[in-house]
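Chains as they are written, first to last, in the numbering used here: chain Y, 1 to 632; chain V, 1001 to 1309.
Using N, Cα and C, we set each Cβ at its ideal position, and we do this for glycine too.
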């Protein structure tokens, strides 16, 4: 060992041979200039996976798009889509397959630029190892640190530091050792279990498959030797049993099985298991497969379990080992990577997918974001595309999980935008916030239904939305007057009485608007619980927030009233002179001027201008009768 | 509760077992999340494996979705025979759709050209069928190792209304936490075999005894040599050009499509073991016999944007 690079890390001996090695999924990180695509091309080429007809195309493409003069440009083998082939960058995650006599490999080929952090994280989420490329001429760069951090965050434990283009520094051992020392100093904090530095030249093939004759000073493995022998056992089989139920298998009344893939641990007939959410216990009766019943199933196996007792189990539930259960909470802290253009707004409701479960969730607070280049923590109010933040999240009902560093299968989640259904964020749970669970379960003796009986009407939120000057408050006031006359318990929340007190600390940025509505929603919910009809009059420009409030209360308790007055009419009325000032640029973020208003798509009541306020109010009261909120 | 395959079943390698489990998980996910899924059944070896996996995934239930075959009317006769046998044998519901407009316009691979034929009789026909039955999710047997633009395909591949695939706007796919949420009019194409290679398909077919179309095995067949490719004359519709003659040659197919567009290779591989041995020695890729892939530069990517599988 001459490199001196292995002092703090373990390296498995190369060429260990032996029995069939499990499939290895690894990702390659590096920018286009580091020769990443060339390295993958080299691996495919030297393991003879490039076939004659593909080679013909490659020769043609090399002449047309190549950057290597007369030689074959191996990078062109892997740069798949037309657009990126022309731009010379890799914009997505591409998967490559190759195998040697000892092992099958799946390579996730991901782009390295900062604007593609999400693509890299996507590739890393399913990989057990990473090959991080460094250009020997340039050494450890900002991007090297970024790539390493993302790998570490996504739970990758094994890293190969591929010091590429070693031919361009005259195969210098000194240069290599310098880079390695530099890297190890930085990577200490990232908790990798192995770091293996290898000097190589992807373009000429040195130390990729073929041992280089130019670097006598290097005695470590070639890249392929190392990848073939790397032991990545994540020990998932040895962790506690977890089984997210994917599908209830019910061919007839005599069979009720729970189909799914074992996330971790192992299970045998006779094992005691618990439904994590409800705490109900049972015993595994059978492990059913089309090839006959099994005596054991372990992590990664897709099976169908039957239980000895009639226990209530549905898709989304987690079956777990009785004596080693996952945490079940509705508030936890997690690292979140944001993946869409529209920023993550604390307070906004997203759909969370964790295991096989979908549950509404929101970020309750963003503690800080992490600068992916310096790893510094920065205070922030939102997360933009490709940013990573440490957040507290709350879910609409408790979910079962293990911390991500303990279990990548049960500690990960994605957040889905509720309108576009885009995959908006990826999260890795750090720990549960127990405080929240305790508050959650206050059983109350006098409840909402008791109060409703006493009041003689049902509680509800009447949510008036529309532009400034549309007439929301005017109409809401008339409705309240009428309800009061009918003997209903009412209360009015509007921008003026809330913004001066409860929400005095909030401005008019998108983030603050979301928080404003969230607080109003929570207060309104308390009034509903108290049995009142609460009238809320807020511009509330975003669908997502109105939907969030809707989901705070039971079905039928939220009545959305859209005061659909066109902006021209609102500008003409301009009761407080606000439009005039906004148009002069004196008020920023004014809805309808320089901030958007998203009209409701399915409001319970839509009021048009020509109705006039009194008639509009009657429409609202009629709707309340139709919905049996009031009966008189 | 035993199945007929158990006896002849060989021990699956750890690698194939992992692939099998992953695919089963994907199949179940779609059934749990979608209202009206369908499995595109193209009769080839990949479809065979996909159907086999579906039979396993839902056992003891039957696969809770129909098979759909888009028939261009130019498939090999052996393929159609195999299709009908399989549907009967497994008792699965089989839907067959042919583009009636294409038939009325007389579109065919010989005089219309492969591009137009594929566009009308496969891509358009598929979209018609998906719309006609209102399927919101469709399984396809495509694999990422087949072709470069497929390498970037998602497992759950989102299509906006009108079946449009936008490669710049695909959903990131992390862990196995698939995003199955779509809006009205949008659909998802799902590829349970994404991570399988051609070799995996054949090894699994052998280990699990999955029936395949006899055309994959070498036999004396009537072929014409055309532009350096061997085209089988499956019926009288294939006109002979000047100087061409039909010869009996020992050939087989690596990939099956419309017969005038699927080139045969000379081979003596008559068993699954022979095929696997031949493959390991082979120096051309599987789709090299598929004439439609090389129509134009970045050909597959363009077809996929148009709605091809």
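Q. Quick one: any contact between the segment 1170-1183 of chain V and the segment 1108-1127 of chain V, if contact means 3 or more CB pairs under 8 Å?
A. No: the two stretches stay apart, fewer than three of their Cβ pairs being nearer than 8 Å.
Q) Can a CB atom of chain V be found closer than 9 Å to the CB of residue 102 of chain Y? A) Translated into the one-based positions of the first chain, residue 102 of chain Y becomes position 102. Not a single CB atom of chain V sits nearer than 9 Å to the CB of residue 102 of chain Y.
Q. Is the Cβ-Cβ distance between residue 541 of chain Y and residue 596 of chain Y less than 9 Å?
A. Indexing the first chain from 1 puts residue 541 of chain Y at position 541. Indexing the first chain from 1 puts residue 596 of chain Y at position 596. A contact, by the Cβ cut-off of 9 Å.
Q | DSSP three-state assignment for residue 1074 of chain V, whether helix, strand or coil | A | Numbered from its first residue, the second chain carries residue 1074 of chain V at position 74. Here residue 1074 of chain V sits in coil by DSSP.
Q.
The alpha helix (DSSP H) that contains residue 339 of chain Y, what's its start and end?
A. Sequence index remark: in the first chain, residue 339 of chain Y carries index 339 (1-based). Where residue 339 of chain Y is concerned, there is no enclosing alpha helix (DSSP H), given that its DSSP letter is neither H nor E.
Q) Comparing the C-beta of residue 97 of chain Y with each C-beta of chain V, is any distance below 9 Å? A) Residue numbering aside, residue 97 of chain Y sits at position 97 when the first chain is read from its first letter. Yes, its Cβ sits closer than 9 Å to a Cβ of chain V.
Q. What residue range is occupied by the uninterrupted beta strand (DSSP E) comprising residue 463 of chain Y?
A. On the first chain, residue 463 of chain Y is found 463 positions in, with the first residue counted as 1. Residues 460-465.
Q. Does residue 1203 of chain V come within less than 9 Å of chain Y when only Cβ atoms are used?
A. Residue mapping note: residue 1203 of chain V aligns to position 203 of the second chain, counting from 1. No - not a single Cβ of chain Y is within 9 Å of the one on residue 1203 of chain V.
Q | Where the alpha helix (DSSP H) containing residue 303 of chain Y begins and where it ends | A | Along the first chain, read from residue 1 onward, the residue named residue 303 of chain Y stands at position 303. Here residue 303 of chain Y belongs to no alpha helix (DSSP H); instead the beta strand (DSSP E) covers 302-307.
Q. Just how far apart, CA to CA, sit residue 390 of chain Y and residue 285 of chain Y?
A. Counting from one through the first chain, the residue named residue 390 of chain Y turns up at place 390. Counting from one through the first chain, the residue named residue 285 of chain Y turns up at place 285. Just so you know, the alpha carbons of residue 390 of chain Y and residue 285 of chain Y end up roughly 42 Å apart.
Q) So is residue 320 of chain Y buried or exposed if we call it buried at 16+ other beta carbons inside 10 Å? A) For the purposes of this step, residue 320 of chain Y is identified with residue 320 of the first chain, where counting begins at 1. When all chains shown are included, residue 320 of chain Y counts as buried.
**Q.** Other residues of its chain near residue 293 of chain Y: CB distance less than 7 Å, five sequence neighbours each side excluded
**A.** The residue you call residue 293 of chain Y lines up with position 293 of the first chain. Counting only Cβ-Cβ distances below 7 Å, and skipping sequence neighbours, we find 286 and 287.
Q: Specify the secondary structure class of residue 406 of chain Y as computed by DSSP and reduced to three states.
A: Position 406 of the first chain, counted from the start, is the residue given in the question as residue 406 of chain Y. Coil at residue 406 of chain Y, not helix or strand.
Q) With 9 Å set as the bound, which would you pick, yes or no: does the beta-carbon of residue 409 of chain Y sit closer than that to a beta-carbon of chain V? A) Numbered from 1 along the first chain, position 409 holds the residue referred to as residue 409 of chain Y. Yes, residue 409 of chain Y lies at the interface with chain V (some Cβ there is under 9 Å from its Cβ).
(Q) Using beta carbons (cut-off 9 Å, strictly below), is residue 247 of chain Y in contact with chain V? (A) The sequence position of residue 247 of chain Y within the first chain is 247, counting from 1. For residue 247 of chain Y, the answer is yes, since a Cβ of chain V falls inside 9 Å of its Cβ.
Q. Taking 9 Å as the CB-CB limit, is residue 1175 of chain V close to chain Y?
A. Sequence index remark: in the second chain, residue 1175 of chain V carries index 175 (1-based). Taking Cβ atoms only, chain Y reaches closer than 9 Å to residue 1175 of chain V, which makes this a yes.
Q) Counting contacts by CB-CB distance shorter than 9 Å, is residue 1091 of chain V in contact with chain Y? A) The residue you call residue 1091 of chain V lines up with position 91 of the second chain. For residue 1091 of chain V, not one C-beta of chain Y is nearer than 9 Å to its own C-beta.
Q | For residue 1234 of chain V, the nearest candidate out of V:1080, V:1183 and V:1055 (CA to CA) | A | Locating residue 1234 of chain V in the second chain gives position 234, where the first residue counts as 1. Selected option, being the one with the closest Cα: V:1080.
(Q) Quick check on this structure: which residue in Y:325, Y:556 and Y:557 has the alpha carbon closest to the alpha carbon of residue 265 of chain Y? (A) Indexing the first chain from 1 puts residue 265 of chain Y at position 265. That would be Y:325, whose Cα lies nearest to the Cα of residue 265 of chain Y.
Q) Given that residue 353 of chain Y touches chain V, what residues does it touch there, using C-beta distances under 9 Å? A) For the purposes of this step, residue 353 of chain Y is identified with residue 353 of the first chain, where counting begins at 1. Here the neighbours are 1177, 1178, 1179, 1180 and 1181.
(Q) Quick check on this structure: which residue in Y:515, Y:385, Y:520 and Y:181 has the alpha carbon closest to the alpha carbon of residue 494 of chain Y? (A) Position 494 of the first chain, counted from the first residue, corresponds to residue 494 of chain Y. Residue Y:520 is the option with its Cα nearest to residue 494 of chain Y.
(Q) Taking the alpha-carbon of residue 204 of chain Y as reference, which of Y:41, Y:297 and Y:630 has the nearest alpha-carbon? (A) Here residue 204 of chain Y corresponds to residue number 204 of the first chain, with the count starting at 1. Closest option to residue 204 of chain Y, Cα to Cα, is Y:41.
Q | Among Y:157, Y:539, Y:579 and Y:209, the one whose alpha carbon lies nearest that of residue 196 of chain Y | A | For the purposes of this step, residue 196 of chain Y is taken as the residue at position 196 of the first chain. Here the closest residue by C-alpha is Y:157.
Q: Flag residue 1123 of chain V as yes if its beta-carbon sits less than 9 Å from any beta-carbon of chain Y, otherwise no.
A: Translated into the one-based positions of the second chain, residue 1123 of chain V becomes position 123. Chain Y, which has no Cβ nearer than 9 Å to the Cβ of residue 1123 of chain V, makes this no.
(Q) I'd like the span of the alpha helix (DSSP H) that includes residue 1121 of chain V, first residue to last. (A) As a first step, residue 1121 of chain V must be located in the second chain, where it is residue number 121. First-last for residue 1121 of chain V: undefined, no H or E at that position.
Q: Report the residue ranges of all alpha helix (DSSP H) runs contained in full by the segment 100-128 of chain Y; include only those spanning at least 4 residues, in chain order.
A: 117-125
**Q.** Through-space distance from residue 1127 of chain V to residue 1306 of chain V, alpha-carbon basis
**A.** Stepping through the second chain from its first residue, residue 1306 of chain V is reached at position 306. Stepping through the second chain from its first residue, residue 1127 of chain V is reached at position 127. Distance between the alpha carbons of residue 1306 of chain V and residue 1127 of chain V is about 10 Å.
Q. The segment 1019-1031 of chain V: which residues have C-beta closer than 7 Å to a C-beta of chain Y, in chain order?
A. 1021, 1024, 1025, 1028, 1029 and 1031: these are the residues of the segment 1019-1031 of chain V whose beta carbon lies less than 7 Å from some beta carbon of chain Y, given in chain order.
Q | Span separating the alpha-carbon of residue 1083 of chain V from that of residue 1095 of chain V | A | Counted from its first residue, the second chain places residue 1083 of chain V at position 83. Counted from its first residue, the second chain places residue 1095 of chain V at position 95. Their Cα atoms are separated by approximately 11 Å.
Q: Go through the segment 1197-1266 of chain V residue by residue and report every complete run of the alpha helix (DSSP H) that reaches 4 residues or more, in order.
A: 1198-1208
Q.
So if DSSP puts residue 392 of chain Y in a beta bridge, which residue, or which two residues, is it bridged to?
A. In the first chain, the residue the question calls residue 392 of chain Y occupies position 392. Answer is Y:333 and Y:365.
Q) In three-state terms, what does DSSP make of residue 1030 of chain V? A) Translated into the one-based positions of the second chain, residue 1030 of chain V becomes position 30. Of the three classes helix, strand and coil, the one that applies to residue 1030 of chain V here is helix, per DSSP.
Q | Minimum C-alpha distance to residue 220 of chain Y - residue among Y:261, Y:255, Y:192 and Y:177 | A | Residue 220 of chain Y sits at position 220 when you count from the first residue of the first chain. Of Y:261, Y:255, Y:192 and Y:177, the residue nearest in Cα terms is Y:177.
Q) What residues from the segment 1185-1214 of chain V come within 7 Å of chain Y, judged by C-beta to C-beta, listed N to C? A) 1195 and 1197
Q) Straight-line CA distance for residue 128 of chain Y to residue 1212 of chain V? A) Walking along the first chain from the start, residue 128 of chain Y turns up at place 128. Walking along the second chain from the start, residue 1212 of chain V turns up at place 212. Taking the straight line joining both Cα atoms gives about 35 Å.
Q.
Let me see if you follow: with CB-CB separation under 9 Å, is residue 1308 of chain V close to chain Y or not?
A. In the second chain, residue 1308 of chain V corresponds to position 308, counting from 1. No, no contact with chain Y.
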